[in-house]
Amino acid sequence: MGDVLAGIHATWEFETDSVLIRFERGIRAPKLFQALRERRIPHEALESVTLSPGKRGTVVLHAVPRQGADPLMEAAAGQLKEGCDPYRLVLPAERETLAEYYADELRSSLAPYASKPADRHLVAAPEAPLNFKAYDGRAAFDGRQVSFRWFWTGASSEKWKAGDQTFPVAALSGVEWRSPEVFDGHLRLLRREPERTDGCAGHGGSGHGSPGHEGAGPADRDPASVVFGLGYGPVHESLPFAAAVLAAVRGGGGGPSTPHQTVPVPSARRDPADIAERIRHLGDLHRAGLVTDDEFTAKKAELLAEL
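Under our numbering, the very last position in the sequence shown is 360; numbers go up by exactly one each time.
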């Protein structure tokens with residue numbers, strides 16, 4: 054192939070073994086498209102291709118990825134709005150004949166096993182480093198570990214008591230992403246179960262909804278989660294983040310498996326006013342009996358050391 058089909062908010066370039074999707078970066082384009090910029094979709098990553106009527110005199114060329122082939126769509130788990138689906142190309146109705154031609158070309162390129170789930174990711178995930186601001190903390194991913202730094206204005210007492218968190222990729226089994234556009238939006242890291250010594254194999258996890266979060270409690274109290282809210286954890290920031298972490302987990306990133314570590318996240322010297330506010334909040338927790346004397350002393354010394 055090698056031809057180009059320009060649609061609304063995106064252009065598809067048809068290559069011998071893949072489709073290169075370049076997303077428009079204009080002000081009207083969905084922010085997720087602007088964040089993704091471009092994606093190469095191998096033919097072997099596709100399950101099916103359809104062409105159907107759209108809204109207001111348009112047609113929609115829709116490529117459906119195989120289950121497990123794309124970390125972005127796996128993390129999204131069906132929660133993306135139709136207009137934010139990166140596999141939909143909306144075209145003026147007068148281009149229907151041309152779109153049908155390319156749809157037929159793509160269908161003829163599908164693998165014979167297209168209907169089967171992929172055994173590995175075939176589409177590249179967004180590249181680290183990535184970070185975003187949630188309601189109760191800042192999340193960062195450097196390709197090897199995920200870190201959560203709590204905000205005193207939003208984090209629950211449970212998270213403050215646990216302290217800032219660092220999770221090596223090798224200690225994770227997957228990621229649970231719940232869209233910030235619905236109730237209880239959050240990103241939760243699913244941790245691997247400890248290896249059993251009684252001869253019974255523990256079960257690892259997969260991307261969305263693996264057993265790692267059972268019993269973890271509400272996301273606002275779980276130190277392995279950050280909570281979204283109005284203006285916090287938007288789709289175009291938190292979903293690529295979740296996809297990148299999921300791809301690293303599936304790819305075995307992070308080296309040998311290590312246990313979860315609760316450590317202060319390395320950072321630049323912090324604002325003294327910020328440290329003072331955190332110590333004040335820590336004092337409130339101590340007076341309320343939520344933090345012991347030893348925990349209060351240790352955490353206060355840790356905060357003072359950051360000055």
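A virtual CB, placed ideally from N, CA and C, is assigned to each residue, including glycine.
On a predicted model such as this, the values are computed, not experimentally measured, just so you know.
| query | result |
| --- | --- |
| C-alpha gap between Ala128 and Val344, whole angstroms | 35 Å |
| Start and end residues, beta strand (DSSP E) containing Val390 | For residue 390 there is no data in the structure shown, the boundaries of the chain being 54 and 360. |
| Member of Gly304, Leu85, Pro83, Val112 whose CA lies at the smallest distance from the CA of Val24 | There is simply no residue 24 to check, as the chain begins at 54 and stops at 360 in what is shown. |
| C-beta contact flag for Leu159 and Ala116 at 9 Å | yes |
| Coarse secondary structure for Pro124, derived from DSSP in three states | helix |
| Contacts around Ala178, its chain only, beta-carbon distance under 6 Å, and the 5 residues preceding and following it disregarded | Pro124, Ala296, Ala297, Ala300 |
| Helix, strand or coil at Thr219 [DSSP, three-state] | strand |
| Beta carbon of Val72 nearer than 9 Å to that of Arg93 | yes |
| Element boundaries [alpha helix (DSSP H), containing Phe86] | 84–89 |
| Spatial distance of Trp213 from Leu283 (CA atoms) | 22 Å |
| Local conformation of Tyr166 per DSSP, three classes | coil |
| Cβ separation of Ala122 and His174, assumed to be a contact under 8 Å, to the nearest whole Å | 7 Å |
| Nearest candidate by alpha-carbon position, reference Thr219, set Trp230, Gly190, Ala164 | Gly190 |
| Straight-line Cα distance separating Leu133 from Met126 | 9 Å |
| Exposure label - Arg245; buried when at least 16 CB within 10 Å | buried |
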